[in-house]
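Peer 1: Here's a structure for you.
In the numbering used here, the protein residues as written are 644 to 894.
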């Protein structure tokens, strides 16, 4: 409710202010999943601030959510072209190659990013996922292990390691990561999607859907790229998948 009021006040102050329009789009993107409203707001924001890489990236996530994965990838490339030194932009290009199942291109892009900053955890985790899906499990585990070094991250980076273990057939190691989440949850939050990713990679559908349902209940904005995440591809044939997609109100 507070987020909605903040977005409404921002747009009331100046409906042509890019930041205000963007805040409205982000509210709908992260809270009520009104995809028509998201598209209208973020589309308008790109017109008001055509040279803003950040706005382009937000719009890319909207396109990804509604299933326009290739258009979303092109938006991330525009963002990188606009602000090549905006650290997150080239990583998003790599991630969106990954979402397009273009793993070799994702790896190439993310390698280039890591050449500039080998300690960038988002890039480390992202390249780990790409390596894992490409079947290069040793490399996936190496990079995912690096991504876990640092302060707690709600399980976001550690889930890359658990997923890499699971896809490599190292079930006990993957389950050990899940056990670590349960211990961490006593001190700080671990987002449900972190559990769901690992369970899906392990082939444990029941547990994966249990945690996806919790992620839905928490209104985790990461669910916006639910349909594009390759780790969840094996779940698509399950009736519970279609039910979740309907609840998300994807077009």
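Here a beta-carbon is modelled for each residue, glycine too, at the ideal position from N, C-alpha and C.
(1) Quick one: Cα of residue 733 to Cα of residue 815, how far?
(2) Using 10 angstroms around the beta-carbon of residue 656, count the other beta-carbons present and answer buried if the total reaches 16, otherwise exposed.
(3) Please report how far the alpha carbon of residue 664 lies from the alpha carbon of residue 672, in whole angstroms.
(4) Compare the beta carbon distance of residue 853 and residue 891 with 8 Å and say whether it is the shorter of the two.
(5) Among residues of its own chain, excluding the 5 on either side of residue 721, which ones have a beta-carbon nearer than 6 Å to its beta-carbon?
(6) Could you give the distance in angstroms between the alpha-carbon of residue 801 and the alpha-carbon of residue 824?
(7) Taking the alpha helix (DSSP H) that residue 753 belongs to, which residues open and close that run?
(8) Leaving out the 5 sequence neighbours to the left and right, which residues in its chain are closer than 6 Å to residue 737 when beta-carbon positions are compared?
(9) With 16 other CB atoms within 10 Å as the buried threshold, where does residue 835 fall?
(10) Got a sec? Which residues, its chain only, sit under 6 Å from residue 809 by beta carbon, not counting five neighbours each side?
(11) According to DSSP, simplified to helix, strand and coil, what is residue 854?
(12) Compare the C-alpha of residue 674 against each of 807, 793, 774, 861 and name the closest.
(13) Measure the alpha-carbon distance for residue 685 versus residue 702 and round it to whole angstroms.
(14) Residue 805 by DSSP, collapsed to three states: which one?
(15) What is the residue span of the alpha helix (DSSP H) that residue 666 lies within?
(16) Taking the CB atoms as reference points, tell me whether residue 661 and residue 692 lie closer together than 8 Å.
Peer 2: This is what the structure holds:
(1) 34 Å
(2) exposed
(3) 12 Å
(4) no
(5) 699
(6) 9 Å
(7) 746-759
(8) 749, 752, 753, 769
(9) buried
(10) 817, 841, 844, 845
(11) helix
(12) 861
(13) 6 Å
(14) helix
(15) 661-670
(16) yes
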